[in-house]
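Okay, structure first, notes after.
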Amino acid sequence: MSQRSHGETGGGQRLFVPTHKPMNSMDLARQYEMDMHNITKYLFKEVDAQGYKLESFVSYVRIIEDSRSPSSRPPANSPLSNKKNRFLILSAKASGRMRLHKAKESSSGVIQIGRSWDFDELTTLELDDGSPTGFVCEMGKRYYWEVHTPKERRVWLSSLKQRLATPPLSNSPYSPLGNTRTNLGTAVAGNANNAFGLGVGISPVSKSSEVSSDHQDAEREAKKIAEINKRRQQEIEKRKREELERRRREQEEFEKNEREQNELRIAEEIEERKQKEEQKRLQEMEKEREVQRIKQEELEIERQKQQRIDEEKRLKEMEIAKKKAQKQHHQQELLRNEIKPPGFAGIAKRGPPSEALSNAPSQMSFEYGDESQYHHQNVSTESANTIGVDSFIEGYGSSGDAEEETAPLNIGIAQVKQNKDNKMVPSNLSKPVITETIEESDSDRSLKIATDSDIEKLIKNVDGSPMDKKKVIDTEQLHENRIRAFSRVKENATNKLDLLEVLEELGYDPLFDDSESLEKKILKKLDEIQYSKIKTLTDVTSATNALKETISTAFKSCDVIDPVLSLFSVELSTFKDDVHYIEEQGQGLQVEATNEKLLMNEVNDLIHSVEISDSKLQKLLTSKIVLSENNSEFEDILLELYNALKKMNDASSDDPMSANYQLSQMKALQEKKNVFEGSKNKFVSNFTRISEKLFKSVSMSLTTRLQQVTPETFETNFLQTSFMEKSSLLITISGFIAFVKSVSNDGYDSIVNSFVVAFEPFFENMATILLQHLTSVASSKLEEPFSFTLNPSQLIDQEYINSRAKKDSAKTLFNRNNKLSTEASTISSNVETFFSQLVNIMSIEQELIRVLFGFSSSSDCLFENLVKVKLSQRCQKFRNTSNFLKAPIESDRRVGDEIYELMKGIFDPVFGAVLKVIFSLSKNHMLEIPAILSILKTYSQSLAPTCHEYAYGNFTKFEARINTIWTKEIDQQIQNIVHTKVHCKVANFVKAYPVFYRRVNNFIDSLNLVNMTSFGPDEGWYGNYYMVWAIIKAALNKGVEQLQIEIPVFEGIENDEIDIETLTQKHLALLLNYKWLVEETRSLNGFPKELNKSIDDLRDKELREFTGSFIRQFRIGGVIRLVEGMESVLSEHSNPANMNSYSIETIKELMSSFKGDNFKQEISSIAEHLKETLKGRCYNESDPTEDSEYSVAIGKQIEKELYNNCMYTISQHFISIFTRLSNIVEKHYINFEVPVDKYIINFNFKKYYSV
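Each residue of the sequence shown is one higher than the last, beginning at 1 in full-length UniProt numbering.
Okay, structure coming up:
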């Protein structure tokens, strides 16, 4: 709340404004209510969770403290600049604890706490016997404060004393509160209206006997008001006590409930913790049992595993022992059956014909007696085929791998030793033997070829005597035995019996037999087989004589055919190379034929992969292309054509082994390639021509619809309907453009150019239509350009009066039925609307360009990837986009530059036309420029983080150019201010400054975009307020130096001071202008606080300087010079009473002018002359061309407030002068008392305040 004196409302009632000034009794209750309202409004607003205030207001008093003497009584000559008006406020917290606060009231009326103490810190309360209004509080350190009247001191200190348990005493030059002679109880009872510390100036009782009847009436009136306030205050105290008691009970109940809840919660937590611990213990026990069970299972498994291992080991040991026993038995058999006389020579094995016939002599010859030579030759050659006795004996030597151990029937094995050359040599060399071995079984044991000695052994009796030839079985019996033996060998060799048949043969029944019974049956079967073999071999031995004869015959036949075979071997060796060559050639021809077949299949697949039917190509080239979502069928055909051309033309690799390179060089595809290339070129040519027509058609259609659109309906009836519809239809040919872009750069560039040519006129026409509306609005708003040199009648109008939020009187005084505009500026709002529409359509157009022409580094915009997405989905995605400004930013700088250049080609003419119109508006409407700058700044900031580089660049250029215009306009206005002559009145440029700020700020606020402080004080147009104020201050200071005497000089008394009139006039001229600026800028919304404070400080300074020089023209000037002279003498440590100039007679003679009616006459003379001096300095009522009725009303209001301010400041000068004089007289003069004190001064001055 701003600090004001008095005003008037529309109803003629007095407007009370709280202040530290002393005032009459009628205003005490009002001041109390206003102070209470402000304290409760700005302080003690914090509440707890239940909504109760944490701290409540109890009492307060207004005090004065001296900044140079904060702990003791200030000297009498302490200047007014050291005095600070403050509040002492007593409050109570919710807990009942009291606190004391020191607060101040700002120029805007806001009360702020600067220092706080706990009431317990108050250790001393002292009265100042030397001053009826001073007292001392000690709270850690001493504080000296003064109130306005003694009654205020009594009431306030009594209030503090009542709240102190034992008020302390102290030894000091001040009287303790408990020892004062004043009846505090009576004072409190008689001033109950101040029980809460009313900080008001109650009219003091005059010590002089000359109390007028007016004073008595005022006292009676004050008593009546005190009685009323007393009853009201008692009721307030009662309600407060009840409220405190209620809060105390609620607090106790709340604390009780809180304790119960805490105890219940703690019990629940303990119970829950116990349950958790018990549950945890049970879980741990369960885990332990589970671990023990798992360990037992593991031990059981390990034990069973170990048992199985031991059982297997035992079985293996038994098996090994069994095998060893069988082996020993077999060795014993061999030793018993060892061959003594050697028999027939062995039959040589036959090797490969090509090697045996060419590299060695015939191996079929047989010689007796030369066994070693035959053995050497026989060992040197090996063959996979064995003839002679080997095949005959083989069937008896082994019946298969499974029966090798159970039936060890390897008979007739010769004892063979190894010589040094690791060659097998028989132990007995008396007769030739067959030393070549038969291939061994898996056990690596071989069955040696039986020699003639073996056969002779077989045909001997058991006792070793030769068997009788008559006992030899006949040929038929021998044949049967041989067939039975050979059939068993054949069966084992083929091994074609199924496992089930074998089991059935063994008599295995799965329902009753187990592994042990099966093992017994197998062993039994093996025993039977072994017995059968032994019996068979026993039967065969009777045929050995016939066998010997047959072998002898066979050897003779071999000797006959051996030369023939030798010759044949030589002949075959000559054909060896030819056969090898033929085999190699045959293998190569087979591979070549296979490769050719595979190649033919691959070629066929490749040809089919690039196959496109003629009907599809014909449809692609002859069908009409329109803007429709049915174009997806053509996109599919283009995709096939694109893939075929890519396979046939993709020879980017120079590697001949590359598949794409080989495919591109295939002659079989040249014909198709030529057909596809021709179809591609024809489609590109046709579509380039068709796209140009489609673009022009869409542009003309949009232009036609644009003629029916107004700026108000542009968004709803055109941008979101027609323009979006046509843009989404253009998306339907994006696949065709992507195909052209991938196969023909020239065709793609031609399509882009045709798009620019088609749409550039449309956007230029659109901008022209919208700008015409903007220009017409600006033309309807033509007014006289603003200037700081204009008269107030041209600046202050009804709208200015209504926008002033400061004084209600100004609003009611001119409240007429005139219809005022609610908008600050239709030009600014229309400019903002235009730029909003321009940004929206540019964002949509840029997104259309990006999608339509595939301006993106993403692979999704490539033709083969683009057409994979359905055309309807692409169109729907574009239509569903809600904010085109949030399109993704392109990471590829080259693509971003392409989009920028395309947007530049379309919108450059648009921005050229816009710039001309905005320049024109800025020059004709100067105060609209900051609003336009804020619009441009807002859009620049919103476009900066987006992909719309072209729009952002143009808005920043606009901002820079409009800012230049604004700077030039401000410079011109500054020149006008500097060259304006200053008079002793409010200058026109001072009156224009608040109007300048108000209009500019209203223009910006009407946009609802940004606040003027959002851009910071570094912005040029915002910083101009500081610069203009600095120029105004400089112009005023320079102008007052050249002032001539324009104010009336009071010549009631003589004074010898030099240039007092000139000095007074200078300070008055500055005071008038600063007062106008302070009062008018205080009501401006958003006006910089630091700027307003600097102006207010200058006003306070000039107010003191003006009143100080103004009163020197009256009799009080003699007192001022007297006091200053006496203080000069005292500063030199001399006694002024000893000087004639300052004798007591001189002082008495001077004081005679300030006794009784003379003092009143002095004040009346000062008031009348002050009114005459100020009259007409703030307005010119006689000239309507200079001041209108609105500016005159404001001027009168400011003049009245300035008069009251001056009177109050003069009264403070009086108080200061007489207080200083009283202190000097009291110390240095005897039997003399100054007849005037500050109570008399305040009482007499208040009569002359203007209300």
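Ideal Cβ positions, reconstructed from N, Cα and C, are used throughout, including at glycine.
Everything numeric in this text was worked out from a predicted model, so none of it was measured.
> Would you call the CB atoms of residue 111 and residue 38 closer than 8 Å?
Replying inline: For residue 111 and residue 38, yes; Cβs fall inside 8 Å.
> Is it right to say residue 327 is buried, meaning 16 or more other beta carbons lie within 10 angstroms of its own, or is it exposed?
Replying inline: Residue 327 comes out exposed.
> Just curious, the beta strand (DSSP E) that residue 103 is in, first and last residue?
Replying inline: Bounds of the beta strand (DSSP E) holding residue 103 are 98 to 105.
> Mind checking residue 373: buried by the 16 CB within 10 Å criterion, or exposed?
Replying inline: Interpretation of residue 373 is limited by its pLDDT of 42, a score under 50 that renders its predicted location unreliable; no figure is taken from the coordinates.
>> Which residue marks the beginning of the beta strand (DSSP E) containing residue 58, and which one marks its end?
In response: Annotation: the continuous beta strand (DSSP E) that includes residue 58 extends over 55 to 66.
>> Applying the 10 Å Cβ sphere with the 16-neighbour rule, what's the burial state of residue 591?
In response: Exposed, by the Cβ-count rule.
>> When you compare the stretch 761 to 769 with the stretch 1144 to 1164, are there three or more beta-carbon pairs, one atom per stretch, that lie closer than 8 Å?
In response: Judged by Cβ distances under 8 Å, the stretch 761 to 769 makes no contact with the stretch 1144 to 1164, as fewer than three pairs qualify.
>> What would DSSP say about residue 138, mapped onto helix, strand or coil?
In response: DSSP places residue 138 in strand when its eight states are reduced to three.
> Which word fits residue 291, buried or exposed, when buried means at least 16 other C-beta atoms lie within 10 angstroms of its C-beta?
Replying inline: Residue 291 should be labelled exposed.
> For residue 85, which beta-bridge partners are listed by DSSP?
Replying inline: 64, per the DSSP bridge assignment.
>> Taking 7 Å as the limit between beta carbons, can you name the residues of its chain near residue 931, skipping five residues before and five after?
In response: The answer, listed in chain order, is 825, 828, 1003, 1004 and 1007.
> Any chance the stretch 922 to 936 sits against the stretch 962 to 977, with 3 or more Cβ pairs inside 8 Å?
Replying inline: When C-beta atoms of the stretch 922 to 936 are compared with those of the stretch 962 to 977, three or more pairs fall below 8 Å, so the two segments count as touching.
> Which residues in the same chain as residue 718 place their Cβ atom closer than 6 Å to its Cβ, once the five residues preceding and following it in sequence are excluded?
Replying inline: Excluding residues within five positions, the ones whose Cβ falls inside 6 Å are 709.
>> Whole angstroms are fine: how far does the CA of residue 790 sit from the CA of residue 976?
In response: Roughly 10 Å separates the two Cα atoms.
>> Among the candidates 1232, 1203, 1210 and 1241, whose CA atom is the shortest distance from the CA of residue 1250?
In response: Cα-wise, what sits closest to residue 1250 is 1203.
> What residue does the alpha helix (DSSP H) around residue 938 start on, and which one ends it?
Replying inline: 929 to 943 is the span of the alpha helix (DSSP H), which, as asked, contains residue 938.
>> Which of the three DSSP states is assigned to residue 1130 in this structure?
In response: Here residue 1130 sits in helix by DSSP.
> From residue 141 to residue 1222, what does the alpha carbon distance come to, in whole angstroms?
Replying inline: Taking C-alpha positions only, residue 141 is separated from residue 1222 by approximately 30 Å.
>> For residue 681, which residues in the same chain have their Cβ closer than 6 Å to its Cβ, ignoring the five residues on either side in sequence?
In response: Cβ neighbours of residue 681 beyond the five flanking positions: none.
> Is residue 1030 closer than 8 Å to residue 947 when the C-beta atoms are compared?
Replying inline: It is not a contact, given that the beta carbons lie outside the stated cut-off.
> In the DSSP assignment, what residue or residues form a beta bridge with residue 116?
Replying inline: Its beta-bridge partners are 101.
>> Along the chain, where does the beta strand (DSSP E) containing residue 126 start, and where does it finish?
In response: It spans 124 to 127 - the beta strand (DSSP E) in which residue 126 sits, taken as one unbroken run.
> Is the number of C-beta pairs between the stretch 670 to 681 and the stretch 770 to 778 that are closer than 8 Å three or more?
Replying inline: With the cut-off at 8 Å, the stretch 670 to 681 and the stretch 770 to 778 do not touch.
>> With the cut-off set at 8 Å, would you say residue 1198 and residue 1075 are in Cβ contact?
In response: Yes, the Cβ-Cβ distance between residue 1198 and residue 1075 is below 8 Å.
> Quick one: what's got a C-beta closer than 7 Å to residue 835's C-beta in the same chain, skipping five residues either side?
Replying inline: Same-chain partners within the cutoff: 935 and 939.
> By a C-beta neighbour count over all protein chains shown, 10 Å radius and 16 as the cutoff for buried, is residue 743 buried or exposed?
Replying inline: The Cβ neighbour count for residue 743, taken over all protein chains shown within 10 Å, is at least 16; the residue is labelled buried.
> For residue 92, does the three-state DSSP call read helix, strand or coil?
Replying inline: Strand, per DSSP.
>> Using the three-state DSSP reduction, which class does residue 1172 fall into: helix, strand or coil?
In response: Secondary structure of residue 1172 (DSSP, three-state): helix.
> DSSP beta-bridge partners for residue 144?
Replying inline: Answer by DSSP bridge pairing, in chain order: 136.
> Could you give the residue range of the alpha helix (DSSP H) that holds residue 687?
Replying inline: Segment 670 to 706, the alpha helix (DSSP H) holding residue 687.
> If we ignore side chains and look at the alpha-carbon of each, how far apart do residue 632 and residue 625 end up?
Replying inline: Taking the straight line from one Cα to the other gives about 11 Å.
>> Looking only at its chain, what residues have a beta carbon closer than 7 Å to the beta carbon of residue 93, apart from the 5 residues adjacent to it on each side?
In response: Excluding residues within five positions, the ones whose Cβ falls inside 7 Å are 54, 55 and 99.
> For residue 824, does the three-state DSSP call read helix, strand or coil?
Replying inline: Low confidence applies here, because residue 824 scores a pLDDT of 41, under 50, leaving its location unreliable; read the following figure in that light. Under the three-state reduction of DSSP output, residue 824 falls in the coil class, being neither helix nor strand.
> Alpha carbon to alpha carbon, what distance is there between residue 1144 and residue 1137?
Replying inline: Taken atom to atom, the span from the alpha-carbon of residue 1137 to that of residue 1144 is near 7 Å.
>> On the CB-based measure, 16 or more other CB atoms within 10 Å of its CB, does residue 903 come out buried or exposed?
In response: Buried.
> If you draw a straight line from the C-alpha of residue 106 to the C-alpha of residue 963, how long is it?
Replying inline: The alpha-carbon atoms of residue 106 and residue 963 are separated by roughly 36 Å.
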